[in-house]
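Using my numbering, count along the sequence shown one by one with no gaps and you end on 155.
A virtual CB, placed ideally from N, CA and C, is assigned to each residue, including glycine.
A quick note: this is a predicted structure, and the numbers were derived from the prediction, not measured.
Here is the structure we will look at.
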Amino acid sequence: MKLLKIIGLGSLLHAGYSSYEYTHSQKAHNTSIPFPQDIILEVIISLLILSLDLLFSSNQPKLSLINNDVVKSQFKLKPILMKDAVVEDEKLGAGPFQFVESKVFFTDFAQKRKDYAEWVAKNKKVSDEKKRRKIHL
Numbered sequence: 019m020k021l022l023k024i025i026g027l028g029s030l031l032h033a034g035y036s037s038y039e040y041t042h043s044q045k046a047h048n049t050s051i052p053f054p055q056d057i058i059l060e061v062i063i064s065l066l067i068l069s070l071d072l073l074f075s076s077n078q079p080k081l082s083l084i085n086n087d088v089v090k091s092q093f094k095l096k097p098i099l100m101k102d103a104v105v106e107d108e109k110l111g112a113g114p115f116q117f118v119e120s121k122v123f124f125t126d127f128a129q130k131r132k133d134y135a136e137w138v139a140k141n142k143k144v145s146d147e148k149k150r151r152k153i154h155l
């Protein structure tokens, strides 16, 4: 599997260098040639090779911590019982719905506009009354 990783990384580095050469030559000659399709294809193939290497190399047994001891495990992740996790979270003060309970609620803009319109109307009446008083004096 190391061979796939070497091929994928080498191909990706080559594609990067090729794109650097392409942009450098375009700047030097002041031309506008579209980006070469072979470089794009090389990037896609090298990323696919690296992804396949990552997929195939993930079947190896992993190490996990159990009671602060390193244990070789056949599973990628240690199974978690949900009831135990919820109890632990609640002991720490962070339940499973803590993000919902502690979020800032959305502002009701329609209500804010209505309140503002009422405030403007009220202040307009007060200012109109003040103007009338000045005229009558």
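In the structure shown, Asp102 adopts helical secondary structure according to DSSP, grouped into three states. The Cβ atoms of Ser29 and Ser64 sit closer than 8 Å to each other.
Shown here for Val61: same chain residues with a beta carbon closer than 6 Å to its own, the five before and five after excluded, namely Ala33 in chain order. The C-alpha of Gly26 lies about 20 Å from the C-alpha of Pro54. For Asp71, the enclosing alpha helix (DSSP H) starts and ends at 55–75. For a cut-off of 8 Å, the C-beta gap from Leu21 to Ile67 is around 10 Å, too long to register as a contact. Boundaries cannot be given for Thr49, as no alpha helix (DSSP H) includes it and DSSP labels it neither H nor E.
An exposed status is given to Asp102, since fewer than 16 other beta-carbon atoms sit within 10 Å of its beta-carbon.
Note that the C-beta distance between Ser37 and Ile51 is not below 8 Å.
Rounded to whole angstroms, Met100 and Ser75 show a C-alpha spacing of 29 Å. Asp126 counts as exposed, since fewer than 16 other C-beta atoms from the protein chains shown sit within 10 angstroms of its C-beta. Assignment of Thr41 by DSSP, reduced to helix, strand and coil, places it in the helix class.
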